[in-house]
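Residues 1 to 386 in UniProt numbering are what the sequence shown lists, from first letter to last. Notes for the one structure printed next.
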Amino acid sequence: MLDQLGADRMANVPFSGIREIFEECDRLEDQGTDIVHLEIGRPDFDTPSPIKQGAIDALDRGDVHYTSNYGIQPLREELATKLEEENDIRYDPDDEIVVTCGATEAVFVTLLGIVEAGDEVLVPDPSWTYSAGIQLAGAEPVTYELDPQTGFQPDIDSLREAVSPETKLLIVNSPNNPTGGVLDEAHATEIRDFAVDNNLLVLSDEIYEKILYDDKTHQSLAALNAMRDRTVTINGFSKAYSMTGWRLGYLAAPAELVDPIIRARQYTSTCASSISQHAGVRAVGSGLHEPMVEAFERRRNRVSERIERIPGMTCPNPTGAFYAFPTLPEGYTDDREFVFSLLRESGVALVPGSVFGDAGKGRLRIAYSNSVERIDEAFDRLEHWL
Ligand code: PMP
């Protein structure tokens, strides 16, 4: 049916690979199976109450109307202060910060605003779903590898092979989904040099910036010398403040880059929910993420310990976000078949690594956005099943 009714440009846009797992989980749960969920890429905590109160106060005041396409002024000002103090980048809250419906929309309007047919975009492999947005914008994704030997740092040789005269934009995501890797200083500098030498724009997705372990620090690419003018910094509230359902994110870029992006943004969702934006004002700079990050670190430690006990399963110790990306246990090669068999036979839900690109083949994404007890339950079942 879609062949006849759908636009040609949708033909290459796949359904999300994770959706298939969600649907299988629903089916099994309807039959009464107890599923341990390690597939969902979202924090399992409630949104902290001071943030919720921001929304309640907005409703009580009657702040229920459209806002500026850029977002409400108090939130943009809070974000400008945060970006200067925490990330060492100065943006003008009047025309360099745009509040969006989640980082997803920030990525999408950035792509719509700056790439088109004939352009190539460098995308990490493995990665979150940037390629679909690139295709919707008419451009072509070209992958470069993240190297497991270096804790999933970008492989600069692979970037050099992937770049062409058509390349307009480079996408970087640190801390990373699905690998849990964090860009180190040396590689951040290499990325900077590569972007400058090839005169590329950069989309830096920093949505997991606050979820870091082992004294890791976050380096915003736009803060590096010669990067502010060419970089769109993307961030959001979903992960740090457990606000996935509030649909609140933002982008920050020099005014010349925001200009084409805001034109696209005007015609997508107009503005983020006014209520969510007022809640967001209470989140920025609040430190309310800290107890959640401490819980994630305990879970990371447990997941790493349990992975180590399984022959053949290895991965660099994840130092950010809430994902581990190990190889399959000894004797297995097909990650998709592994995940569906494990789910149906043991009720443990993971995501096949190949969903995130060719470099994910033979790997699994384990999202430890679940309690230590449930993580133990999942690994007990996995060991028994193996
Ligand atoms: N970027 C990355 C790397 C992500 O993992 C996600 C969510 N899974 C997003 C962006 C989008 O988050 P949201 O739209 O909820 O802000």
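Where a beta carbon is used, it is the ideal one built from N, C-alpha and C, also for glycine.
Is the beta carbon of N69 less than 9 Å from the beta carbon of T327?
On the sequence shown, residue 69 is found 69 positions in, with the first residue counted as 1. On the sequence shown, residue 327 is found 327 positions in, with the first residue counted as 1. It is not a contact, given that the beta carbons lie outside the stated cut-off.
Taking all protein chains shown into account, decide if P14 is buried (16 or more other Cβ within 10 angstroms of its Cβ) or exposed.
As a working mapping, residue 14 is identified with position 14 in the sequence shown. P14 comes out exposed.
Pull the bridge partners of S204 from the DSSP assignment, please.
Your numbering for residue 204 matches position 204 in the sequence shown. Its beta-bridge partners are V172 and T233.
So what does DSSP say about P352, is it helix, strand or coil?
Here residue 352 refers to the residue found at position 352 of the sequence shown. P352 falls in the strand class under three-state DSSP.
Report whether the distance from the Cβ of T33 to the nearest heavy atom of the ligand PMP is below 8 Å.
As a first step, residue 33 is located in the sequence shown; it is residue number 33 there, counting from the start. At a threshold of 8 Å, T33 does not count as near the ligand PMP, since its beta carbon sits no closer than that to any of the ligand's heavy atoms.
Would you say the beta carbon of F237 is closer than 8 Å to some non-hydrogen atom of the ligand PMP?
Your numbering for residue 237 matches position 237 in the sequence shown. Yes; taking the cut-off as 8 Å, the Cβ of F237 has a heavy atom of the ligand PMP nearer than that.
Contact check, V232 vs I51, beta carbons under 9 Å:
For the purposes of this step, residue 232 is taken as residue 232 along the sequence shown, with counting starting at 1. For the purposes of this step, residue 51 is taken as residue 51 along the sequence shown, with counting starting at 1. With respect to the 9 Å criterion, V232 and I51 are not classified as neighbours on the basis of their beta carbons.
Specify the secondary structure class of A195 as computed by DSSP and reduced to three states.
Against the sequence shown, residue 195 aligns to sequence position 195. In the structure shown, A195 adopts helical secondary structure according to DSSP, grouped into three states.
Selected residue, minimal CA-CA separation from G362, among S371, D334 and S341:
Position 362 of the sequence shown, counted from the first residue, corresponds to residue 362. Nearest C-alpha to G362: D334.
The region 57-75 touching the region 195-210, judged by at least three CB pairs closer than 8 Å
Using a C-beta cut-off of 8 Å, the region 57-75 makes no contact with the region 195-210, since fewer than three inter-stretch Cβ pairs fall below that distance.
Which of helix, strand or coil DSSP assigns to A324:
As a first step, residue 324 is located in the sequence shown; it is residue number 324 there, counting from the start. Here A324 sits in strand by DSSP.
Cα-Cα separation between F237 and A7, rounded to whole angstroms
Here residue 237 corresponds to residue number 237 of the sequence shown, with the count starting at 1. Here residue 7 corresponds to residue number 7 of the sequence shown, with the count starting at 1. So the two alpha carbons sit approximately 33 Å from each other.
Length of the line joining the Cα atoms of residue 387 and L203:
No answer is possible for residue 387: it lies beyond the span of the chain, which begins at 1 and ends at 386.
Can you tell which of I275, H37 and R192 has the C-alpha that lies nearest to the C-alpha of L221?
Taking the first residue of the sequence shown as 1, we reach residue 221 at position 221. Checking every option, the nearest Cα to that of L221 belongs to R192.
Answer yes or no: do I171 and I207 have a C-beta to C-beta separation smaller than 9 Å?
As a first step, residue 171 is located in the sequence shown; it is residue number 171 there, counting from the start. As a first step, residue 207 is located in the sequence shown; it is residue number 207 there, counting from the start. In this structure, I171 keeps its C-beta atom at 9 Å or more from the C-beta atom of I207.
If you measure from the CB of Y241, is any heavy atom of the ligand PMP nearer than 8 Å?
For the purposes of this step, residue 241 is taken as the residue at position 241 of the sequence shown. Flag unset: Cβ of Y241 not near the ligand PMP.
Please determine if the region 211-225 and the region 83-102 are in contact, where contact requires at least 3 C-beta pairs separated by less than 8 Å.
Three or more Cβ pairs drawn from the region 211-225 and the region 83-102 lie within less than 8 Å of each other, which places the two stretches in contact.
Y144, DSSP secondary structure in three states
By 1-based counting over the sequence shown, the position of residue 144 is 144. Judged by DSSP in its simplified three-state form, Y144 adopts strand.
Do you know how far the Cα of P318 is from the Cα of H218?
The sequence position of residue 218 within the sequence shown is 218, counting from 1. The sequence position of residue 318 within the sequence shown is 318, counting from 1. Near 14 Å, if we compare the C-alpha coordinates of P318 and H218.
Determine the extent of the beta strand (DSSP E) in which R365 is found, giving its start and end residues.
Walking along the sequence shown from the start, residue 365 turns up at place 365. Per DSSP, R365 is one residue of the beta strand (DSSP E) stretching across L364 to A367.
Between L248 and the ligand PMP, is the CB less than 8 Å from at least one heavy atom?
As a working mapping, residue 248 is identified with position 248 in the sequence shown. Distances taken from the Cβ of L248 to the heavy atoms of the ligand PMP include one shorter than 8 Å.
For L75, would you say it is in contact with chain C, using Cβ-to-Cβ distances shorter than 9 Å as the test?
Of the chains in the structure shown, none is chain C; there is only one protein chain.
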